[in-house]
Amino acid sequence: MLDRSGEAVFAAVLRAHSLRATISSSASYCDRWHDPEPATDHGTFHLIDRGVCWVQAPVLERPLRLEAGDLVMFPHGAAHAMCSAPEGRESPGDPRYSTMLCGEFDFSGRRNPLLEALPQCLVVRERDSAMQFRRLAQLMSQEAQSGVFASQVVLDKLADALFVMAVRHHLEHASERRGLLAALLDPRLARVLAGIHTQPGRDWTVATLAQLAHLSRTAFAQHFSAVLGTGPIEYLTGFRMEEAARRLADPRCSVAACAEELGYRTEAAFRRAFKRVHGYGPGRLRRRAALAHAAADVAAETASVRP
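With the working numbering as the guide, the letters of the sequence shown map in order to residues 476 to 782.
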């Protein structure tokens, strides 16, 4: 189970990368049907509401049968198809209809260690899920059927929670974990990651991070790289730059202040690191954010004077 260090890291990664989940449709099918979904550059998911259906995909060894309350998620947007049954796999007693909530999710930023740690396909079975997950699925189904004011807004908010609960289920029940999810369950690495994510501006070195892990510098660097696929300083820099992008989206945050808060002795060193990671300088991000805020202000002002 996750300890407090792991929870702090999980929350910090979600905050830095701004999860955006939406329910795109409430679909109903009957008789024999086949609905292909092309590959996308964002994650997709289907929450089965009623009936029985199947999912098949190149990333799956075999088609999977899904029942009411099951969730199937493709975190990396893999192509797949939902259908009443693959050829020759239909059972006589299966319901001849299916309803489901279909959605998608995306993150801001470039390199997301949480997303990288997730498999191509993630399934949460209703029969294996926690009570909270089942209640959330039921609430989403009821909200989708209600048709009341702001139901789409409510569903999108609930979809955020659905994603987090699905990842938590995977973290607790998966037979194999990799990357960030494996590190969160390693007390030594969890302490290190908590330090990085809660104090990104501290003057971290391999030596000080190794002290948190209670390992020698060499053993720590090797263990960190083996689990997370990158060195500790590279990971630190990547998180700092994602955090910098999030902070600089606020016009009130200057480049100099951001550099100092994130542990850079000079603004020039911060600018070089930012451009190396993002491919463009912080000034470009600031200008883009300023234009977005100005457009939002104009829209709000126009709405306020509309009769």
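A virtual CB, placed ideally from N, CA and C, is assigned to each residue, including glycine.
The structure presented is a predicted model; accordingly, all values stated were derived computationally and were not measured.
Taking C-beta to C-beta, are residue i and residue j nearer than 8 Å?
| i | j | result |
| --- | --- | --- |
| LEU760 | ALA720 | yes |
| GLY713 | VAL752 | yes |
| GLU618 | VAL628 | no |
| VAL547 | LEU541 | yes |
| VAL530 | PRO538 | yes |
| GLU601 | ASP545 | yes |
| ALA553 | ALA532 | yes |
| PHE549 | LEU494 | no |
| PRO757 | ARG740 | no |
| CYS558 | ASP510 | yes |
| HIS551 | GLN595 | yes |
Straight-line CA distance for residue i to residue j?
| i | j | result |
| --- | --- | --- |
| SER691 | PRO675 | 22 Å |
| ALA669 | ASP661 | 12 Å |
| VAL702 | ASP725 | 34 Å |
| LEU723 | GLY654 | 28 Å |
| LEU737 | ASN587 | 19 Å |
| HIS555 | HIS517 | 13 Å |
| ALA605 | VAL730 | 44 Å |
| GLY622 | SER501 | 11 Å |
| MET615 | TYR710 | 36 Å |
| ARG727 | HIS492 | 20 Å |
| ARG762 | CYS733 | 15 Å |
| SER650 | ALA625 | 39 Å |
| HIS521 | THR693 | 44 Å |
| ARG479 | PHE695 | 21 Å |
| LEU597 | GLU562 | 23 Å |
| SER499 | THR519 | 10 Å |
| ASP678 | ALA592 | 27 Å |
| MET575 | GLU718 | 36 Å |
| GLY584 | LEU646 | 23 Å |
| ALA744 | GLU735 | 11 Å |
| TRP508 | ALA487 | 42 Å |
| ALA543 | GLU482 | 30 Å |
| THR705 | ARG663 | 16 Å |
Starting from residue i, trace the beta strand (DSSP E) both ways and give me its first and last residue.
| i | result |
| --- | --- |
| PHE549 | 546-549 |
| HIS509 | 509-512 |
Would DSSP call residue i helix, strand or coil?
| i | result |
| --- | --- |
| TYR504 | strand |
| GLU536 | coil |
| ASP569 | coil |
| ASP603 | helix |
| GLY518 | strand |
| ARG495 | strand |
| PHE580 | strand |
| ALA562 | The amino acid at residue 562 is misidentified as Ala; the sequence shows Glu. The answer is coil: DSSP assigns GLU562 none of H, G, I, E or B. |
| ALA556 | strand |
| GLN617 | helix |
| GLN627 | helix |
| ASP635 | helix |
| ARG525 | strand |
| GLU742 | helix |
| GLU651 | coil |
Got a sec? Which residues, its chain only, sit under 7 Å from residue i by beta carbon, not counting five neighbours each side?
| i | result |
| --- | --- |
| LEU611 | LEU633, ALA636, LEU637 and MET640 |
| THR497 | GLY578, GLU579, ASP631 and ALA634 |
| VAL484 | LEU659, ALA665, LEU668, ALA669 and HIS672 |
| ARG571 | CYS505 and ASP506 |
| MET716 | ALA748, PHE749, VAL752 and HIS753 |
| PHE608 | VAL599, MET640 and HIS644 |
| ALA657 | VAL702 |
For the alpha helix (DSSP H) containing residue i, list its first residue and its last residue.
| i | result |
| --- | --- |
| ALA682 | 681-688 |
| ALA801 | With the chain represented from 476 up to 782, any question about residue 801 goes unanswered, as that position is not in the structure. |
| TYR448 | In the structure displayed, the chain extends from 476 to 782; residue 448 sits before or after that span and is not available. |
| PRO662 | 662-673 |
| CYS733 | 730-736 |
| LEU593 | Where LEU593 is concerned, there is no enclosing alpha helix (DSSP H), given that its DSSP letter is neither H nor E. |
Quick one: residues in its chain with C-beta nearer than 6 Å to the C-beta of residue i, no 5 flanking neighbours on either side, listed in chain order?
| i | result |
| --- | --- |
| VAL667 | LEU684, LEU687 and ALA688 |
| VAL599 | LEU546, ALA641 and HIS644 |
| PHE699 | PRO707 |
| SER573 | TYR504, GLY526 and CYS528 |
| GLU512 | HIS555 |
| ASP860 | In the structure displayed, the chain extends from 476 to 782; residue 860 sits before or after that span and is not available. |
Give every residue of the same chain whose Cβ lies closer than 8 Å to the Cβ of residue i, excluding the five residues on either side of it in the sequence, and list them in chain order.
| i | result |
| --- | --- |
| LEU489 | LEU589 and VAL639 |
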